[in-house]
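Taking my numbering, the leading residue of the sequence shown gets 1, the next gets one more, and so forth. One structure is given below, encoded as structure tokens.
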Amino acid sequence: MTIDEMKERLEQTLSPERFRHSEEVMNEAVRLAELYGADIEKARIAGLLHDCAKGARKDETYKELEKYRVVLDDIQKRTPVLLHSILGSVYAKEHYGVEDREILDAIYWHTTGKAGMTMLEKIIFVADYIERGRNYEGVEEARKQAYTDIEKCIVICCNSTIRYILQKGRLIHPHIIEARNDAIMQIERRTD
Ligand SMILES: [Fe+2]
Ligand SMILES: [Fe+2]
1 MTIDEMKERL
11 EQTLSPERFR
21 HSEEVMNEAV
31 RLAELYGADI
41 EKARIAGLLH
51 DCAKGARKDE
61 TYKELEKYRV
71 VLDDIQKRTP
81 VLLHSILGSV
91 YAKEHYGVED
101 REILDAIYWH
111 TTGKAGMTML
121 EKIIFVADYI
131 ERGRNYEGVE
141 EARKQAYTDI
151 EKCIVICCNS
161 TIRYILQKGR
171 LIHPHIIEAR
181 NDAIMQIERR
191 TD
């Protein structure tokens, strides 16, 4: 499938605002890939499709994950917002013909991040936070760091999400804690 065919299909499944967000994440991911020497075409596809399962309703999402026999941990099962990235990696393959493991993984990990992310995974994680339409406290600093020091940007993004989760009193998936710890350790190792 060409990128234009992907866009056409995506636009039919997402709200106009979510589709706009997807295109902006794609643009941001391409710019970051150019800067950090990641594969630009993979960044383009992963950025565009990262939220491709976001159009599914909650009950539909659970049904689909069951259909594809996706194994979920206890926190994932109880945190619907985490499921669209997991189902998104399935949909990218099943509905958009993406076979590339690196792209599928970047989609899978875009919400929580994890320790030991590849550059492509970091780029999609960060692009999702800093695209032009985002507006939250600290977004300017995150945008600046994204193009200066991607690990520092990851720390800012994790802090912002963790703060939000704490405010809401929701479950925190350990993957985001691990992503944050890993980024901090990478920064420290560089300055040692
Ligand atoms: Fe997402
Ligand atoms: Fe997103």
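For every residue, glycine included, the Cβ atom is placed at its ideal position computed from N, Cα and C.
Problem - Limits of the unbroken alpha helix (DSSP H) element including Tyr68 - result: Your numbering for residue 68 matches position 68 in the sequence shown. That residue, Tyr68, is in no alpha helix (DSSP H); it is neither H nor E in DSSP.
Exercise for the section: Note the first and the last residue of the continuous alpha helix (DSSP H) segment covering Ile165. Expected result: Along the sequence shown, one-based indexing puts residue 165 at 165. Run containing Ile165: Ile150 to Lys168, per the alpha helix (DSSP H) assignment.
Exercise for the section: Would you tell me roughly how many angstroms separate the C-alpha atoms of His95 and Tyr136, rounded to the nearest one? Expected result: By 1-based counting over the sequence shown, the position of residue 95 is 95. By 1-based counting over the sequence shown, the position of residue 136 is 136. Each residue's alpha carbon lies about 32 Å from the other.
Problem - Close Cβ partners of Glu188 (< 6 Å) along its chain, the five nearest in sequence each way excluded - result: On the sequence shown, position 188 is the one that residue 188 refers to. So no residue of the chain qualifies.
Problem - Distance CB(Ile40)-CB(Val30) smaller than 8 Å - result: As a working note, residue 40 is residue 40 in the sequence shown. As a working note, residue 30 is residue 30 in the sequence shown. Going by C-beta atoms, Ile40 is nearer than 8 Å to Val30.
Handout entry: For Arg132 and Glu24, believed in contact at Cβ under 8 Å, the rounded distance
Key = Along the sequence shown, one-based indexing puts residue 24 at 24. Along the sequence shown, one-based indexing puts residue 132 at 132. The pair is a contact, with the Cβ atoms about 5 Å apart (cut-off 8 Å).
Practice task
Identify which residue in Arg20, Glu64, Thr148 and Asp74 has its Cα closest to the Cα of Glu34.
Solution key: Sequence index remark: in the sequence shown, residue 34 carries index 34 (1-based). If we check each option's Cα against that of Glu34, Thr148 comes out closest.
Exercise for the section: Using a Cβ-Cβ cut-off of 8 Å, state whether Ala33 counts as contacting chain B. Expected result: No chain B is part of this structure, which consists of one protein chain only.
Exercise for the section: Give a yes or no on whether the C-beta atoms belonging to Gly88 and Ile107 are separated by under 8 Å. Expected result: As a first step, residue 88 must be located in the sequence shown, where it is residue number 88. As a first step, residue 107 must be located in the sequence shown, where it is residue number 107. A contact, by the Cβ cut-off of 8 Å.
Practice task
Verify the contact flag: His50, CB atom, against every heavy atom of ligand 1, threshold strictly below 7 Å.
Solution key: As a first step, residue 50 is located in the sequence shown; it is residue number 50 there, counting from the start. Result yes, Cβ under 7 Å from ligand 1.
Handout entry: CB contact flag (Leu83, Gly55, <8 Å)
Key = Taking the sequence shown and counting its residues from 1, the one referred to as residue 83 is at position 83. Taking the sequence shown and counting its residues from 1, the one referred to as residue 55 is at position 55. Their beta carbons are not under 8 Å apart, which means Leu83 does not touch Gly55 by this criterion.
Exercise for the section: Whole angstroms is fine: what's the gap from Leu104's alpha carbon to Asp51's? Expected result: The residue given as residue 104 occupies position 104 in the sequence shown. The residue given as residue 51 occupies position 51 in the sequence shown. Rounded to whole angstroms, Leu104 to Asp51 spans 12 Å at the Cα level.
Exercise for the section: Evaluate the contact criterion for the region 110-117 versus the region 64-72: three or more CB pairs, one atom per stretch, below 8 Å. Expected result: no
Practice task
Please report the residue range of the alpha helix (DSSP H) in which Leu48 lies.
Solution key: As a first step, residue 48 is located in the sequence shown; it is residue number 48 there, counting from the start. Start and end: Ile40 to Leu49.
Exercise for the section: Kindly indicate which three-state DSSP category Ser22 falls into: helix, strand or coil? Expected result: As a first step, residue 22 is located in the sequence shown; it is residue number 22 there, counting from the start. Three-state result, Ser22: helix.
Practice task
Could you spell out the range, first to last residue, of the alpha helix (DSSP H) harbouring Gly88?
Solution key: As a first step, residue 88 is located in the sequence shown; it is residue number 88 there, counting from the start. Here the alpha helix (DSSP H) through Gly88 covers Pro80 to Tyr96.
Handout entry: Proximal residues to Leu65 (C-beta, below 8 Å), its chain only, five neighbours per side dropped
Key = Indexing the sequence shown from 1 puts residue 65 at position 65. Once the five neighbours on either side are set aside, the close Cβ partners of Leu65 are Leu72, Leu83, Ile86, Leu87 and Val90.
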